[in-house]
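Asks: Numbering of the sequence shown is given in our numbering, commencing with residue 497 and proceeding in unit increments. Yeah, the Cβ is synthetic: ideal placement off N, Cα and C, and Gly gets one too.
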Amino acid sequence: MSEDNESSPNVCRCPDCGTARVVHRSKRDPIDRMSKSPSSVIAKWMGGKLYHCIFCRLQFYSTRPKAVLPPEEHPLHPGERPPSAA
Ligand SMILES: [Zn+2]
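1) Tell me the start and end of each unbroken beta strand (DSSP E) in the region 513-539 that is at least 3 residues and wholly inside, in chain order.
2) With a threshold of 7 Å, establish whether the CB of Leu554 neighbours any heavy atom of ligand 1.
3) With 16 other CB atoms within 10 Å as the buried threshold, where does Val519 fall?
4) Would you report the Cα separation of Gln555 and Pro534, rounded to the nearest angstrom?
5) By Cβ distance below 8 Å, which residues in the same chain neighbour Asp528 in space, the five residues on each side in sequence not counted?
6) Where DSSP assigns a beta bridge to Ser558, which residues make up the other side?
7) Give the single residue among Ala539, Lys523 and Asp500 whose Cα lies nearest to the Cα of Cys510.
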């Protein structure tokens, strides 16, 4: 049993692919595309935070909290190590 809440409906999700595996961003990246979905526009208007989908590189706003993901899972590919592990 894991205690992650990735499957919870109350966490922020990518409006494009629906994943909860998003990262918080302090400012908008001019290269990556920005979501024009009504939920993102409303969330921005309500003072929501900026998030970035790690899969489709979409930026969007959400007032929901970021999902708590299990620590053993990370976006690195199998066999790939973080630079600090060398
Ligand atoms: Zn996505």
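Replies: Looking at the atomic coordinates:
1) 518-521
2) yes
3) exposed
4) 13 Å
5) His548, Arg553, Leu554 and Gln555
6) Lys545
7) Ala539
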